[in-house]
Structure formats: C-alpha cells, structure tokens
Amino acid sequence: MLFQFLLILLIFPTLFSFNCYQGQTSLNTQLSGSSAACSMNPIFSCTKSIDYVNQIVMRGCSTNNCTFANGTINSAGGCFNSTNNNVGYCCCYADSCNGDIGRENGLKLLIAGFSIIFTILLIN
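Residues in the sequence shown are numbered from 131 upward in steps of one, following this note's numbering.
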C-alpha cells in the first residue's frame, strides 16, 4: 500500500505538468530542441511573441489565460497582430503548442499514422 501511494505521488506531478517552448530566437532561425516543463504554478497557457521590427521570437509559459487583443478571455487560444503589425502574439492551451507553425501537428499526424498501422497489423 505504501509503495502504491509513493508511486502516485511520483506520477501525479508529471500528469499535470505543462510543457512549453521557452526562450528567445531570431525570427529566421528554425526552432530546435524540445519544450520544457514550466516552473511556475499554476500554468494556464504557452505564449509566443513575435517582434517583426527586431526579428525576435520569444516563447514561454504564462500564469494567465489567453486573451483577445481587447483583453477578453479567449478560451480557444490563437494569434493576433498589433494594430501597426509590428508585433504578433500567440497563446495556446496545449503542451508544446508555441513551437513553429505545424511542427506539433506534424508530430501528431505521424503518431496517428503509426497507431493506425499498428492497429491494422494487430487485427491481421
């Protein structure tokens, strides 16, 4: 019984940890590496800010919900540009969602494809 309790205590934090890409890169630099667990608590979203003038992308974790440009909560997440289009801002609610566009979706499609092939092989 004690072993099961300790196992639950070890697994519980990993079930609820949130992973986001974190750091600053050049706008023209391809994202490399992997996302990391957010150290703040509680984490509600991952963010990505794009400074088009200085060609900088900043990624990180946020303790706030995603909002629209007018400040109201955006339950779906998404991106918007400033009125002068000098800055872009993206916010999302899934693990590693603040990476390059399509990067995580491609990985999900690859995993889904392997899952389908594996299922077909098991059936036959």
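Ideal placement from N, C-alpha and C gives every residue a C-beta, glycine not left out. Keep in mind it's a predicted model, so treat the numbers as computed, not measured.
Quick one: what does DSSP say Ile-203 is sitting in, helix, strand or coil? Locating residue 203 in the sequence shown gives position 73, counting from the first residue. In the three-state reduction of the DSSP assignment, Ile-203 falls in the strand class.
- Message: Taking 8 Å as the threshold (C-beta atoms), are Phe-210 and Ala-199 in contact?
- Response: Taking the sequence shown and counting its residues from 1, one reaches residue 199 at position 69. Taking the sequence shown and counting its residues from 1, one reaches residue 210 at position 80. A contact, by the Cβ cut-off of 8 Å.
Using only CA atoms, which one of Ser-169, Cys-168, Gly-153 lies nearest to Ser-162? Translated into positions along the sequence shown, residue 162 becomes position 32. With distances taken between CA atoms, Ser-162 lies nearest to Gly-153 out of Ser-169, Cys-168, Gly-153.
* Just mark Gly-229 as buried or exposed, buried being the case when its beta carbon has 16 or more other beta carbons within 10 Å. => Taking the first residue of the sequence shown as 1, we reach residue 229 at position 99. Burial call: buried.
Pairwise C-alpha distance: Leu-252 and Phe-174 | Translated into the one-based positions of the sequence shown, residue 174 becomes position 44. Translated into the one-based positions of the sequence shown, residue 252 becomes position 122. Cα to Cα, Phe-174 sits roughly 38 Å from Leu-252.
Just verifying my parser: in three-state terms, what is the DSSP assignment at Ile-253? Reading the sequence shown from its first residue, position 123 is the one you call residue 253. DSSP, read as helix, strand or coil, puts Ile-253 in helix.
Margin query: Whole angstroms are fine: how far does the CA of Pro-172 sit from the CA of Asn-214?
Written below: In the sequence shown, residue 214 corresponds to position 84, counting from 1. In the sequence shown, residue 172 corresponds to position 42, counting from 1. Taking the straight line from one Cα to the other gives about 33 Å.
(Q) So, with DSSP's three-state summary, where would you put Cys-150? (A) As a working note, residue 150 is residue 20 in the sequence shown. Collapsing the DSSP output to three states places Cys-150 in a strand.
Practice task
Measure the CB-CB distance between Cys-221 and Cys-191 and report whether it falls below 8 Å.
Solution key: On the sequence shown, residue 221 is found 91 positions in, with the first residue counted as 1. On the sequence shown, residue 191 is found 61 positions in, with the first residue counted as 1. In this structure, Cys-191 does not lie closer than 8 Å to Cys-221 by Cβ.
State the CB to CB distance for the pair Ser-226 and Cys-150, rounded to an integer number of angstroms; the pair is presumed to be in contact (CB under 8 Å).
Indexing the sequence shown from 1 puts residue 226 at position 96. Indexing the sequence shown from 1 puts residue 150 at position 20. Their Cβ separation, rounded to whole angstroms, is 7 Å, which keeps Ser-226 and Cys-150 in contact under 8 Å.
How is Gly-163 classed by DSSP in three states: helix, strand or coil? Residue numbering aside, residue 163 sits at position 33 when the sequence shown is read from its first letter. In this structure, Gly-163 counts as coil in the three-state DSSP scheme.
*How would you label Ala-206, buried or exposed, when you count the other beta carbons within 10 angstroms and need 16 or more for buried?*
On the sequence shown, position 76 is the one that residue 206 refers to. So Ala-206 ends up on the exposed side.
Let me know if Val-183 comes out buried or exposed under the rule of 16 or more other beta-carbons within 10 Å of its beta-carbon. Position 53 of the sequence shown, counted from the start, is the residue given in the question as residue 183. Counting Cβ neighbours within 10 Å, Val-183 comes out exposed, since fewer than 16 surround it.
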